[in-house]
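Protein chains: 4
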Amino acid sequence: MSTTSSAGAREPKRRRGHLRVAAIMKAGAEIFTEKGYDAATMTEIAARSGTATGSLYRFFPSKESLADALLLEFAQQALDGLAELGERAGDMTLDSLAGALVDFRLALQSQSSFAVALVESRGAGEDKRAKFRQALLEGMARILRKVLPGLTQAKCDAMAAVLLHILKGAVMAAGEKPAAGSILLAEIREVVRLYLAAARSTERGNLPS
Amino acid sequence: MSTTSSAGAREPKRRRGHLRVAAIMKAGAEIFTEKGYDAATMTEIAARSGTATGSLYRFFPSKESLADALLLEFAQQALDGLAELGERAGDMTLDSLAGALVDFRLALQSQSSFAVALVESRGAGEDKRAKFRQALLEGMARILRKVLPGLTQAKCDAMAAVLLHILKGAVMAAGEKPAAGSILLAEIREVVRLYLAAARSTERGNLPS
Amino acid sequence: MSTTSSAGAREPKRRRGHLRVAAIMKAGAEIFTEKGYDAATMTEIAARSGTATGSLYRFFPSKESLADALLLEFAQQALDGLAELGERAGDMTLDSLAGALVDFRLALQSQSSFAVALVESRGAGEDKRAKFRQALLEGMARILRKVLPGLTQAKCDAMAAVLLHILKGAVMAAGEKPAAGSILLAEIREVVRLYLAAARSTERGNLPS
Amino acid sequence: MSTTSSAGAREPKRRRGHLRVAAIMKAGAEIFTEKGYDAATMTEIAARSGTATGSLYRFFPSKESLADALLLEFAQQALDGLAELGERAGDMTLDSLAGALVDFRLALQSQSSFAVALVESRGAGEDKRAKFRQALLEGMARILRKVLPGLTQAKCDAMAAVLLHILKGAVMAAGEKPAAGSILLAEIREVVRLYLAAARSTERGNLPS
DNA sequence: GATGAATGAGGGTTCATTCAT
DNA sequence: TATGAATGAACCCTCATTCAT
């Protein structure tokens with residue numbers, strides 16, 4: 001009881017804490033996206049999120065830690081999205097997989113366009129990004145193994161890396177004027193499809209079962 | 210002879226100036242690449258190039274001007290390389306063109322690994338980059354029109370953008386351990402080849418002659 | 419009561435802010451006076467006022483803004499003093515007006531010795547100074563019109579400018595050793611008196627009523 | 628003979644040196660006038676005078692020394708002009724002396740408008756200016772003693788200082804639009820005349836002979 | 001715990017002065 | 001001796017971070 005009540009007493013605080021953190025991360029995401037890591041200022045992030053600088057530093061003890069948190073969130077979404085796609089992948093044609101991959105990447109971007117800037121730009125934190133990248137690669141490789149089971153491990157890893165890169169191009173497409181953009185998107189989808197299809201025929205040779 | 214000697218009288222200065230500029234651009238390239246535009250400091254660039262800050266500012270009157278110079282050099286190389294490739298493209302199979310494109314991109318990167326960071330990075334100078342990118346796209350589109358004359362203008366432009374993006378992946382490959390790297394490179398070459406080949410069959414439809 | 423206490427809650431901060439600003443303006447006044455605008459450094463002003471550079475910039479976001487504030491304060495005092503003198507001027511003999519003008523100028527200087535350096539000094543902000551000077555001239559002309567109503571507008575304006583300049587000489591007097599200084603002051607007062615008296619006889623001619 | 632010839636051998640150099648110095652001082656005067664002491668740069672002065680920085684520093688080993696030389700030149704002119712006026716003063720009415728004094732001050736300004744800025748503005752070199760000012764005061768006092776021989780020494784010195792200050796006002800007049808300017812000048816001349824005339828009647832009392 | 005004023009190291013840039021040529 | 005490129009201390013200003021309230 002006392003436990004419960006004390007927990008209850010704390011709950012609002014925690015909830016408030018969560019709201020604060022969410023507000024800060026939202027503001028951070030926006031401002032990092034707008035200006036890049038270096039040009040973003042903690043003061044502005046604090047202001048936009050309606051937080052005092054001191055409070056901001058209670059939740060994120062440094063600018064880098066805020067960027068890290070944002071990155072982590074991005075990684076979470078990316079990995080979750082990839083895993084979820086992996087579960088559906090078995091039932092898909094390569095064609096629709098290609099589309100799904102592009103959509104996945106676009107969704108990622110629109111949800112967390114900020115993080116990309118961070119992932120690309122920061123000098124420090126190389127290792128964190130490497131780890132995240134590794135996880136992404138594994139997620140992608142898992143999908144490939146599911147839809148193209150005949151591939152060697154090495155081929156699978158290489159394809160994962162290449163696909164990840166190609167998909168990044170979808171973002172570029174989204175930045176263009178709608179007309180040109182949708183053509184670009186179609187092209188990217190087509191490349192992905194071609195790549196997967198080619199891999200399938202390669203696979204045939206390996207897996208004559 | 211007297212000409213030579215009199216020319217020599219100022220040569221050392223000029224030569225030293227060129228050396229200085231080269232050293233500064235090298236250091237700038239490195240540090241911009243390592244840290245990005247904002248986080249790079251003129252002081253560090255000066256130090257790494259063995260120059261006093263004041264001297265650095267004699268050659269490049271602002272941080273931005275140094276970045277611009279680096280970008281220009283990169284653009285020059287990129288555009289020249291692309292143009293040169295364009296001249297050879299007519300005589301190539303799509304296969305060898307794919308290889309040549311990848312090689313071109315790699316050469317670009319190794320010569321000017323720096324500029325990428327700048328081209329990607331945030332801030333002012335958006336327009337300069339846009340212009341450069343436009344030039345690059347045109348160069349690529351020109352090649353495509355040469356080897357795939359049946360393509361529509363729009364398809365050509367879209368392919369140019371997508372190819373440019375895919376080729377950027379070659380850089381990633383170069384950053385890997387040799388073993389994995391050469392596999393990755395091979396994959397990218399393969400994707401490019403597939404993409405070109407697919408475009409050629411599309412083209413057949415358009416150009417039934 | 420509660421009002422008082424709640425007001426008091428922020429009072430210390432505000433009071434400290436005011437003290438800070440006052441200390442900064444004092445230091446700025448001193449150092450601008452000692453070295454002139456360009457040679458004065460924000461670092462030294464910060465140091466002399468016991469403030470960190472960053473804090474200084476919180477209150478005055480640029481060197482120019484500090485100079486402006488100083489100028490404004492000076493202008494305020496000058497204009498107020500002149501206006502106040504103008505109200506008393508009607509009841510004064512020209513003799514006591516001469517003394518009052520000199521005293522006014524001296525008071526101005528001792529309160530704000532700083533601003534003179536700024537008003538005189540070079541650079542941007544020419545217009546602000548021109549505006550201020552214009553206001554001063556008008557204030558002085560108003561006094562003259564009151565005590566010498568027969569003067570033409572043009573004569574009045576000219577006299578105002580000349581008087582303002584002569585009075586500036588009082589400052590010079592204040593900078594001398596007391597003995598020589600009081601003689602100088604007496605001379606200046608005398609010149610002013612002479613000038614006013616001469617204007618009055620001129621005026622007689624214009625206003626034979 | 629050998630002396631003569633060796634002197635002759637050196638003469639061209641000396642002459643060239645003098646030309647250089649003159650060019651530098653001219654450029655220095657202009658640029659100090661245009662921008663003030665601090666904002667003027669040795670590089671620009673060198674460039675405008677067609678001199679290499681190194682050479683400039685051979686003649687004037689520091690920025691301050693150049694300013695000093697300019698000041699000295701100004702002092703020379705001022706003192707010479709005053710002395711010359713002193714010689715004519717005996718034969719003049721107070722009226723024409725007033726005019727002559729104003730003209731003298733204006734001439735000084737137009738010949739060396741630069742130096743005023745230097746005399747007023749610089750923090751260092753207080754002593755040099757004091758010495759110059761002292762010489763000026765003596766020159767003025769000498770004139771006064773000549774035209775108003777009955778004055779006490781103290782009165783004379785005080786008047787000299789006040790007159791010098793009033794005359795400075797003539798510069799202000801010269802800066803105005805012609806119309807207003809000539810009115811102002813007339814006023815200043817009038818004040819000077821009044822001041823001198825009043826002193827003469829004072830003097831009468833002292834010197835009833 | 002929350003607040004936001006205060007801090008001061010560090011960034012880009014300038015310029016008086018020096019010194020290799 | 002003349003030159004002008006090189007030097008580096010110092011300037012104005014910013015902002016991540018701390019701490020008194």
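First to last, the protein sequences are chains C, G, Y and Z.
Counting in our numbering, the first sequence runs without a single skipped number right up to 209 at its last residue.
Counting in our numbering, the second sequence runs without a single skipped number right up to 418 at its last residue.
Counting in our numbering, the third sequence runs without a single skipped number right up to 627 at its last residue.
Counting in our numbering, the fourth sequence runs without a single skipped number right up to 836 at its last residue.
Glycine included, C-beta positions come from ideal geometry on N, C-alpha and C.
Quick caveat, the model's predicted, so the values are computed rather than measured.
Z/Asp665 - DSSP class collapsed to helix/strand/coil: helix
Within 9 Å, strictly: CB atoms of Z/Leu709 and Z/Arg756: no
Note down, in chain order, all residues in the region 441-470 of chain Y with a beta-carbon under 7 Å from any beta-carbon belonging to chain Z. Glu452, Lys453, Gly454, Asp456 and Ala457
Going by DSSP, what residue range makes up the alpha helix (DSSP H) through Z/Leu778? Taken as a continuous stretch (DSSP letters only), Z/Leu778 belongs to no alpha helix (DSSP H), as it is neither H nor E.
Suppose contacts are defined by Cβ-Cβ distances below 9 Å. Is G/Ala298 in contact with G/Ala309 by that definition? yes
Which bits of chain G does C/Leu194 rub up against, with CB to CB less than 8 Å? Val400, Leu403, Tyr404 and Ala407
Environment of Z/Lys782 [buried if 16+ CB atoms lie within 10 Å]: buried
Exposure of C/Lys168, with buried meaning 16 or more beta-carbon neighbours within 10 Å: buried
Indicate the three-state DSSP secondary structure (helix, strand or coil) for G/Phe241 in the structure shown. helix
Alpha-carbon to alpha-carbon, G/Ile233 and C/Ala160: 38 Å
Residue range of the unbroken alpha helix (DSSP H) whose run includes Z/Gly708: Lys690 to Ala716
Any beta carbon from chain Y within less than 9 Å of Z/Glu814's own beta carbon? yes
My assumption, with CB atoms under 8 Å, is that C/Leu214 sits in contact with G/Ala407. Please give the rounded CB distance. Here chain C comprises residues numbered 1 to 209, so residue 214 of chain C is not present and cannot be evaluated.
Just the Cα atoms here: how many angstroms apart are G/Leu294 and Y/Ala457? 59 Å
With a cut-off of 8 Å on the beta carbons, I'd call C/Ser49 and C/Lys26 a contact; round off their distance for me. 7 Å
Contacting positions in the region 568-597 of chain Y - beta carbon closer than 7 Å to chain Z: Ala572, Ala576, Met577, Ala579, Val580, His583, Ile584, Gly587 and Met590
Status (buried if at least 16 other CB within 10 Å, exposed otherwise) for Y/Thr469: buried
Any C-beta of chain G under 9 Å from that of C/Leu184: yes
Strictly under 9 Å for the Cβ-Cβ distance: is Z/Ala768 near chain Y by that measure? no
So, at 8 Å on beta carbons, what are the nonlocal neighbours of Y/Arg607 in its own chain, with the 5 sequence-adjacent residues on each side left out? Ala516, Gly517 and Val520
Suppose the cutoff is 7 Å on Cβ atoms and the five residues either side in sequence are ignored; what does the same chain contact list for Y/Lys564 look like? Gly504, Ala507 and Gly508
Around the Cβ of Y/Ala440, are there at least 16 other Cβ atoms within 10 angstroms (buried) or fewer (exposed)? exposed
Within the same chain, show all residues whose beta-carbon is closer than 8 Å to that of G/Leu373, passing over the 5 residues directly before and after it, in chain order. Leu345, Leu346 and Met349
Is it right to say C/Gln109 is buried, meaning 16 or more other beta carbons lie within 10 angstroms of its own, or is it exposed? buried
Quick one: is Z/Leu823 buried, meaning 16 or more other Cβ sit within 10 Å of its Cβ, or exposed? buried
Along the chain, where does the alpha helix (DSSP H) that runs through Y/Gly472 open and close? Thr471 to Phe477
Mind checking Z/Asp707: buried by the 16 CB within 10 Å criterion, or exposed? exposed
Nonlocal neighbours in the same chain, by C-beta distance under 7 Å from Z/Ala800, ignoring five residues either side: Gly808, Leu811, Leu812 and Ile815
What is the DSSP secondary structure of Z/Lys804, reduced to helix, strand or coil? coil
Which residues in the same chain as G/Phe268 place their Cβ atom closer than 7 Å to its Cβ, once the five residues preceding and following it in sequence are excluded? Arg229, Val230 and Ile233
What is the DSSP secondary structure of Z/Gly677, reduced to helix, strand or coil? coil
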